[in-house]
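Everything below concerns the one structure shown next.
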Amino acid sequence: MRLRTMAACVAIAGMVLGAAIALSDFMSKEPVPPELASAGKWMPQGPEAPQNVDILVTLPATAWAEDAPDLGPLPLLQVAFADRPVQAIEPPLSTWSRNIAPGETLDFLLSEAGLAAPDRAEVALALGAEYDLRRLRPGHSVTVASTMDGSPRTVSLAVEDGVRIEVVFGEQLSTQVVAPDPEIVTLAGEAVIDSSIFAALDEAGIPARFSVDLAQMLGGTVDFRREMAGGETLRLLWREARVGEDRIGQPELAFAALEIGGSLYEIVWPDDGSGQATIYVDGEVLRVFAQPVEGARLSSVFGRRTHPVFGNVRMHTGVDFAAARGTPVQSTAPGRVSFIGWRGGYGRVVEISHGSDTMTRYAHLSAVPEDLAQGQRVAAGDVIGRVGATGTATGPNLHYEVLVDGRPTDPLTDDRLAEAAESEADDTAALSRLAEARALLNENLGSEIAETTTERL
């Protein structure tokens, strides 16, 4: 009886608890938003039938399992290797480079770059085999490439005219000379002379060094101080060797035209490297002049001066041309070699006779061609030596003299050499060269003016 009563009580309690839970759940529910209600009713749509399909093939589910051929295990891919060795990875290099300053030596720069004494000696020998190290001067540069542990790989010496000598370290030291292949361009320009030719050229953006060439050519014919009133126009044509935008070496004059006092003076320089220029006045040949050192700077003129070595006032019996050691020296007129050797303070000398009364002397030479002999005939523009500093000289230069009956005369004003050169000159060919130079000047000036006008527009 007790067990029945207890079971009835438990059943009643369970009913009451279930009713309470149901009532609580009903009271806590909030109404569902319509959007959620519609989203809850969404069902995915079946795929659309493909369009424009003529035949639809349906494979049975067991097609792959029953009909597929037994391919067996797939073979491994074969890798082909090239018949060449794997390229070695070069270690990173550090580069040191600097221009040579006045008073510095190659050994000093190599030491500063970190090269040991044995390496410096080997590099100097290798470079010296390709280039005369005595010609080193400020502006040349040395570049050293080394590994990170300081071992040198290459040493490069950049000298004049874009030439570079490279020394490569390896099992054996090797050397190569890299010379640029320049493009020769022709340029033209005009300058109005108000005070001096040098100032006029500099203001017009034309190489001012051309004033030396003009003074050398016309100094014995024109008195620039007295005959020039100001306002004269100088027209020039010149050639430059370039590699890209860089100019190699020094520019060379090809043609010059200057009207002074109603007379038109014109000079034509050949492009054959002889340096033999022809001077014209009003379209006719006046004289032929060959410069002893092409493009050199006239550093000292004829007359009394303070001697640069002894310090006292002495007569300077010639003219001096400053140029780099080894620069070619040319005969200024046709003649016959009368002397090769040494003459005291003149150092190494070559003397050439031009007829019975005129002789030219070329002094301080560093070398003379091996095939040049006494008694040999030479033409104007022939190379008869190299610029040097032998004898009493403060630096590399050519001392050039003209002697008439044994007495020195001013080389820039004496006409005897011009007469000797003109005797071998062909006037017809000279006039033809003048016509070609005039046409080339006008053509280049026209293009320069056109470019300037376009830039202004």
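The sequence shown maps to residues -22 to -1, 1 to 435 in mature numbering (1 follows the signal peptide of the UniProt record, and there is no 0). Don't be surprised by glycine CBs; every beta carbon is placed ideally from N, CA and C.
Query raised in the report: Are the Cβ atoms of Ile226 and Arg220 separated by less than 8 Å?
Result: Contact flag set, yes.
Query raised in the report: Roughly how far, in whole angstroms, is the beta-carbon of Arg303 from the beta-carbon of Pro374, given that I think they are within contact range, below 8 Å?
Result: Right, the Cβ-Cβ distance comes to about 4 Å (below 8 Å), so this counts as a contact.
Query raised in the report: Can you tell me whether DSSP reads Asp191 as helix, strand or coil?
Result: Asp191 falls in the helix class under three-state DSSP.
Report task. State whether the stretch 194 to 203 contacts the stretch 143 to 151, with contact taken as three or more CB pairs (one from each stretch) at a distance under 8 Å. Result -> In this structure the stretch 194 to 203 does not lie against the stretch 143 to 151, because fewer than three pairs of beta carbons, one per stretch, are closer than 8 Å.
Query raised in the report: For Asp85, which option in Ala102, Ala79, Leu71 and Val346 has the closest C-alpha, if you only look at C-alpha atoms?
Result: Asp85 has its Cα closest to that of Ala102, out of Ala102, Ala79, Leu71 and Val346.
Report task. Could you give the DSSP three-state label for Val246: helix, strand or coil? Result -> Note: Val246 maps to strand in three-state DSSP.
**Report entry** Other residues of its chain near Glu244: CB distance less than 6 Å, five sequence neighbours each side excluded
**Finding:** Result list for Glu244: Ala235 and Tyr258, in chain order.
Query raised in the report: For Phe86, which three-state DSSP category applies?
Result: In the structure shown, Phe86 sits in a helix (DSSP, three-state: H, G or I).
Report task. Quickly, what does DSSP pair Glu161 with across the bridge? List them, please. Result -> Answer by DSSP bridge pairing, in chain order: Arg220.
Query raised in the report: Can the beta-carbon of Asp260 be found closer than 8 Å to that of Leu242?
Result: With contacts defined as CB atoms closer than 8 Å, Asp260 and Leu242 qualify as a contacting pair.
Report task. Can you tell me which of Val307, Ala341 and Pro248 puts its alpha carbon nearest to the alpha carbon of Gly323? Result -> Comparing Cα positions, the closest option is Ala341.
Query raised in the report: Taking the continuous beta strand (DSSP E) assigned at Ile78, which residues delimit it?
Result: Looking at the DSSP string, Ile78 is not in any beta strand (DSSP E), and its letter there is neither H nor E.
Requested in this report: Check whether the stretch 180 to 188 touches the stretch 131 to 146, taking contact to mean three or more Cβ pairs, one atom from each stretch, closer than 8 Å.
Outcome: No, because fewer than three Cβ pairs between the stretch 180 to 188 and the stretch 131 to 146 fall closer than 8 Å, the two stretches do not touch.
Query raised in the report: Between Ala123 and the rest of its own chain, which residues show a CB-CB distance below 7 Å, the 5 nearest in sequence each way excluded?
Result: Contacts found: Leu71, Thr73, Arg131 and Thr132.
Query - Euclidean distance between Cα positions of Leu423 and Val190 - result: Between the alpha carbons of Leu423 and Val190 lies a distance of about 23 Å.
Requested in this report: Identify which residue in Gly313, Ile171, Ala104 and Val156 has its Cα closest to the Cα of Glu237.
Outcome: The shortest Cα separation from Glu237 among Gly313, Ile171, Ala104 and Val156 belongs to Ile171.
Query - For Thr387, the three-state DSSP class (helix, strand or coil) - result: Strand, per DSSP.
Query raised in the report: If you drop the 5 nearest sequence neighbours on each side, which residues of the same chain put their C-beta closer than 6 Å to that of Ala207?
Result: Beyond the five residues adjoining it in sequence on each side, Ala207 comes within less than 6 Å, by CB distance, of no other residue in the same chain.
Requested in this report: Use the C-beta contact count for Leu34: other C-beta atoms within 10 angstroms, 16 or more gives buried, fewer gives exposed.
Outcome: Its pLDDT being 49, under 50, Leu34 is placed unreliably by the model, and the measurement read from it follows with that caveat. Exposed: under 16 other Cβ atoms inside 10 Å.
Query raised in the report: To which residues does DSSP link Val155 through a beta bridge?
Result: Beta-bridge partners assigned by DSSP to Val155: Ile143.
Query raised in the report: Counting Cβ pairs, one atom from each stretch, are 3 or more of them under 8 Å apart for the stretch 353 to 370 and the stretch 305 to 316?
Result: Output reads yes: the stretch 305 to 316 touches the stretch 353 to 370.
Report task. Report the option in Val315, Gln354 and Ala104 whose CA atom is closest to the CA atom of Ile330. Result -> When the alpha-carbon of Ile330 is set against those of Val315, Gln354 and Ala104, the nearest one is in Val315.
Query - Test item: CB-CB of Gly353 and His332 under 8 Å - result: Contact flag unset, no.
Requested in this report: Consult DSSP for Phe4 and reduce its assignment to one of helix, strand or coil.
Outcome: With a pLDDT of only 48 at Phe4, under the threshold of 50, the placement of this residue in the model should not be trusted; the figure read from the coordinates follows. Three-state result, Phe4: helix.
Requested in this report: Kindly list the residues whose CB is nearer than 7 Å to the CB of Val155, restricted to its own chain and excluding five residues on each side of it in sequence; keep chain order.
Outcome: Around Val155: Glu108, Val141 and Ile143.
Query - For Thr125, the nearest candidate out of Gly106, Leu111, Asp139 and Ala91 (CA to CA) - result: For Thr125, the closest C-alpha among the options Gly106, Leu111, Asp139 and Ala91 is that of Ala91.
Query raised in the report: Alpha carbon to alpha carbon, what distance is there between Gly319 and Gly363?
Result: Computed Cα separation, rounded: 12 Å.
Query raised in the report: Taking buried to mean at least 16 other C-beta atoms within 10 Å of its own C-beta, is Phe317 buried or exposed?
Result: Flag for Phe317 reads exposed.
Query raised in the report: When the distance is taken between beta carbons, is Thr121 closer than 8 Å to Ser75?
Result: Yes. Within cutoff.
Query - Cβ neighbour criterion (16 or more within 10 Å) applied to Asn420 - result: Result: exposed.
Query raised in the report: Where do the ends of the beta strand (DSSP E) carrying Pro70 lie?
Result: Per DSSP, Pro70 is not a residue of any beta strand (DSSP E), being assigned neither H nor E.
Query raised in the report: What is the rounded straight-line gap between the Cα of Arg113 and the Cα of Thr256?
Result: Rounded to whole angstroms, Arg113 to Thr256 spans 32 Å at the Cα level.
Requested in this report: Name the residue from Leu381, Glu230 and Asp97 whose alpha carbon lies nearest to the alpha carbon of Phe188.
Outcome: Nearest C-alpha to Phe188: Glu230.
Query raised in the report: So, is residue 438 buried or exposed, given that buried needs 16 or more other C-beta atoms within 10 angstroms?
Result: Because the chain in this structure spans residues -22 to 435, residue 438 falls outside the shown range and cannot be described.
Report task. Whole angstroms is fine: what's the gap from Trp247's alpha carbon to Ala232's? Result -> Cα atoms of Trp247 and Ala232: separation of roughly 5 Å, rounded to the nearest angstrom.
Requested in this report: Report the three-state DSSP secondary structure of Tyr109 (helix, strand or coil).
Outcome: Residue state, collapsed to three classes: coil.
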